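Per the UniProt record's numbering, residue 1 is the first one in the sequence shown, and the count goes up by one each step.
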Amino acid sequence: MPLRALVRKSLLESVKAESYVCPTCLLTAAIRSSFSTTQTTRSRRCEPRYVGQHSKARHPEIDQISSRQFSAPLVSKVSSLASVTAINAPTTVPQAYQDLHQRLVALQEEASTHINLSRVQLAARSLESEEPVVRVALLGLGANGAQAARKLARALLSDALSEEQAWEQELLATGQDGRNLLLRYGDSEDAVRQSPLVQTLHIPSTFLKRHKVEILVTTLSTAGSADRLSDAELEEAILVPSLTTPNSAGGRVGFVRYPVHKALVVAEGITGVVEYGRLPRFLDKTELITAALSLPLRSSTGTKSVEQTATDNVVDVDLAMHAIELFRASNANGAQFCEEWQTSRLPALSQWISGQQGEPATDIHPAVRNLLNSVLLKASASISHAETSQTALAAKATIPDSKRAHLDALISHFSAQWHRDLQTNLGAALDSRPWRRTAWWRLLWRIDDVSVSAADLLRLNWLTEAEQTLAFISGRLAESGLATANELREAGPATRYAIEGADRLEYTFSDWQPKQTAILAAERPVRAAELWQADSLIARLKAQSGVDASFHPPWPRTMHLARQQMLHTLVPALHRRAQTLLLGTLSTSAAASALGAWIYVATAGAAVQSAGALAALGVMWSLRRLQRVWGREREGFVTTVRENGRRVLAEVETHLRRLVREGGRASVGEGDVERWRRARDAVKRCRAALDRAK
């Protein structure tokens with residue numbers, strides 16, 4: 001028979017004598033041993049070694065395995081079995097739980113911010129076996145909480161049919177170094193790999209074996225918890241206790257979260273009861289969290305008054321241990337043992353730890369189902385709370401409608417003033433002396449006053465008061481939080497092309513500012529052309545488009561830019577038209593006069609009347625044409641200025657009303673809404689998979 005087959009056979013025979021063997025781990029151990037055998041057949045001088053301490057036969061093939069491959073202390077097969085709650089848990093998932101397991105893995109991705117990842121991972125590992133190991137935490141409360149939890153664990157796991165075991169005293173003696181204790185089923189003589197996080201103690205307890213339970217013994221600190229933590233956070237701290245681990249850096253202490261399926265808060269004496277009274281009452285949940293208050297249930301006189309008046313979570317650990325000691329002393333004390341054991345109320349506590357019995361093999365373990373229900377409920381509550389809180393914050397940050405109504409009425413009031421300003425001030429400017437200088441008969445000697453008078457009309461009388469009140473109401477909007485300075489500076493299509501030029505210059509100027517700072521900070525000499533580069537750009541843009549880019553107020557620039565636009569387009573066009581008409585008038589008059597003079601000369605003065613009439617007709621016709629056409633040009637200029645004013649006012653009013661209506665409204669981001677939707681869908685899918693797994 002090949003050596004590898006002998007090794008497999010020997011391992012199977014040695015492990016067969018023991019109970020509680022995981023088939024997956026057994027197969028893994030056989031494969032590892034077969035691979036190790038192929039590398040160690042050359043070394044045959046090592047000492048004989050046993051696979052299990054209870055195996056009677058020796059196998060030469062195993063005895064020849066090199067000691068260099070197994071120099072570590074021997075670890076029993078029971079202690080090496082991977083628990084479903086371990087980090088390196090087996091990845092085999094039963095067919096009935098595969099869908100739920102996949103949904104839980106997806107839940108960790110979709111709702112990672114709304115779940116406790118350690119609890120979800122514990123639930124997922126519990127689904128990797130049809131008979132999972134249930135982890136129960138005994139949380140000692142108060143100064144004597146750690147010792148009270150160990151005493152309770154000893155009373156629950158002790159076997160009254162056997163003598164006192166060594167692990168019982170070891171259980172009470174542990175904890176001196178401050179480490180936590182993990183109780184698992186196994187041979188007490190098995191060596192285990194200890195960790196600085198938790199000390200593992202293997203106990204040959206039928207309770208742990210029958211119910212597949214492992215018990216974590218640690219402490220719970222409640223100093224200020226009721227004030228600092230919310231109810232949900234405190235419940236999370238109990239179901240996911242923090243284990244302290246020493247840190248080599250400066251002697252500091254770290255914390256590791258260790259999730260459990262259910263937790264039992266243990267308190268002893270009056271001090272422990274007082275500590276327990278500080279906790280909120282919602283923690284006393286029969287499915288996930290309960291309490292055990294160790295108090296005497298029998299008075300010194302032996303009456304049952306204390307037992308009858310005590311609450312359901314009161315147990316008598318000392319009475320239970322006394323009953324066990326009586327039965328160990330003599331089997332004749334069986335009746336007294338039963339009475340005291342029932343009086344101590346530990347049977348009900350054992351039933352709670354073990355969970356319901358008689359469930360079908362394909363059904364999810366009740367502890368795992370309760371864990372999943374708790375995780376999904378908390379995930380749904382967390383998603384709803386996040387959505388509600390974000391919506392409330394958005395609603396709180398939104399400007400109230402009363403303030404919006406007040407500002408909207410203020411805009412209506414100022415809008416009426418703006419239209420009156422346009423009508424009265426522009427009308428007064430048209431009747432003023434500077435504008436009368438542009439009359440047609442004054443063009444002959446005041447042609448240059450056309451551009452000056454038109455520019456003064458726009459600069460001094462076109463929406464000047466409206467622009468001042470616009471600055472005031474813009475400040476009110478910015479003060480109310482309805483708009484920022486950049487939002488207020490936006491303008492409509494009436495001055496779009498002018499603003500585009502200003503925006504290009506602003507971009508160039510903002511891009512030039514860091515360069516100018518770097519030039520000033522440099523050690524080399526600075527040239528004047530480098531410092532005046534931005535100013536030359538401003539001057540060039542103003543010369544090309546009439547836009548003064550240095551004017552950058554925190555209110556709408558529509559009026560200012562529209563005025564600059566008209567100064568740059570309408571005024572030069574009006575002046576050019578006046579010059580054209582005047583030149584045409586002078587040309588016509590001169591031509592008519594020349595023709596009359598030619599007739600006079602040609603007729604030797606005989607047709608002096610005809611020559612004079614022709615010259616007078618030409619002059620009168622040209623002047624009449626100048627009067628008529630120039631009048632239309634002036635009226636067209638005034639109409640354009642007035643219509644531009646109305647359009648600008650309507651545009652500014654629309655812009656301000658839009659800011660009042662839409663500005664200052666905080667809303668929840670679309671990304672957050674989408675994440676909440678995906679998380680809620682993941683929770684629903686997990687819930688549906690859990691219902692199908694019944």
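Think of the CB as a built atom: it goes at the ideal place given N, C-alpha and C, for glycine as much as any other residue. Please read these numbers as outputs of a predicted model, since none were measured by experiment.
Does DSSP classify His202 as helix, strand or coil? strand
Since Thr640 sits in a beta bridge, which residues does DSSP pair it with? Paired residues: none, contrary to the question.
Roughly how many angstroms separate the alpha carbons of Trp445 and Arg657, rounded to a whole number? 49 angstroms
Start-to-end residues for the beta strand (DSSP E) that takes in Gln182: According to the sequence as given, residue 182 is Leu; it is not Gln. Where Leu182 is concerned, the enclosing beta strand (DSSP E) stretches over 180-185.
Can you tell me whether Thr603 is helix, strand or coil according to DSSP? coil
Report whether the distance from the Cβ of Lys403 to the nearest heavy atom of the ligand NAD is below 7 angstroms. The ligand content of the structure shown is nil, which means the ligand NAD is not present either.
Between the alpha carbons of Ala578 and Trp630, how many angstroms are there, rounded? 7 angstroms
Check whether the Cβ atoms of Leu410 and Ala429 lie closer than 8 angstroms to each other. no
Could you tell me whether the Cβ atoms of residue 701 and Ser610 are closer together than 8 angstroms? It is not possible to answer for residue 701, since the shown part of the chain is limited to 1 through 694.
Under the three-state DSSP convention, the category Thr438 falls into: coil
I need the DSSP call for Ile115, collapsed to helix, strand or coil. coil
How many Å lie between Glu530 and Arg563 at the Cα? Bear in mind that the predicted position of Glu530 carries a pLDDT of just 48, short of 50, making it too unreliable to give a figure here.
In the DSSP assignment, find the beta strand (DSSP E) that holds Gly140 and state where it starts and stops. 134-141
Quick one: what does DSSP say Lys212 is sitting in, helix, strand or coil? coil
Cα-Cα separation between Ala416 and Glu635, rounded to whole angstroms: 25 angstroms
Report buried or exposed for Ile270, applying the criterion of at least 16 other Cβ atoms within 10 angstroms of its Cβ. Exposed, by the Cβ-count rule.
Cβ of Pro434 within 8 angstroms of Cβ of Ser453? yes
N-terminal and C-terminal residue of the beta strand (DSSP E) that Glu268 is part of: Per DSSP, Glu268 belongs to the beta strand (DSSP E) from 262-268.
Decide if residue 745 is buried, meaning its Cβ has at least 16 other Cβ atoms within 10 Å, or exposed. This structure does not reach residue 745, given that the chain is present from 1 up to 694, and the question cannot be answered.
Helix or strand or just coil, what does DSSP make of Arg420? helix
Could you check the C-alpha separation between Val619 and Gln627 for me, to the nearest Å? Looking at the two C-alpha atoms, the distance is approximately 12 angstroms.
Which word fits Thr388, buried or exposed, when buried means at least 16 other C-beta atoms lie within 10 angstroms of its C-beta? exposed
For Val266 versus Leu152, is the C-beta spacing smaller than 8 angstroms? yes
Using a Cβ-Cβ cut-off of 8 angstroms (strictly less than) and excluding sequence neighbours within five positions of Ser615, which residues of its own chain qualify? Per the sequence presented here, residue 615 reads as Ala, with Ser not at that position. The residues are Ala592, Ser593, Leu595, Gly596, Ala597.
Could you check the C-alpha separation between Val93 and Leu104 for me, to the nearest Å? 13 angstroms
Stretch-stretch touch, CB-based, cutoff 8 angstroms, three pairs: the stretch 235-244 with the stretch 287-294: yes
Kindly indicate which residue of His552, Ala439, His406, Ala478 has the alpha-carbon position closest to the one of Leu582. Ranked by Cα distance from Leu582, the options His552, Ala439, His406, Ala478 are led by Ala439.
Return the Cβ separation of Leu371 and Ala123 in integer angstroms, given the expectation that the two are a contact with Cβ distance under 8 angstroms. 5 angstroms
So what's Arg433 in DSSP terms, helix, strand or just coil? helix
Taking the DSSP output, what are the residues bridged to Arg257? Note: Arg257 is bridge-paired with Ser242 in the DSSP secondary-structure output.
Return helix, strand or coil for Ala379, following the three-state DSSP convention. helix
Do Gly664 and Ser402 have their C-beta atoms closer together than 8 angstroms? no
Using the Cα positions of Gln98 and Asp691, report the straight-line distance between them to the nearest angstrom. 13 angstroms
Which value, in whole angstroms, describes the spacing of the CA atoms of Lys212 and Pro132? For Lys212 and Pro132, the distance between alpha carbons rounds to 7 angstroms.
To which residues of the same chain is Ala394 closer than 6 angstroms at the C-beta, ignoring the five residues directly before and after it? Cβ within range, chain order: Ala666, Ser667, Val668.
Between which two residues does the beta strand (DSSP E) holding Asp162 run? The identity of residue 162 in the sequence shown is Ser, whereas the question assumes Asp. In the DSSP annotation of this structure, Ser162 is not part of any beta strand (DSSP E), being labelled neither H nor E.
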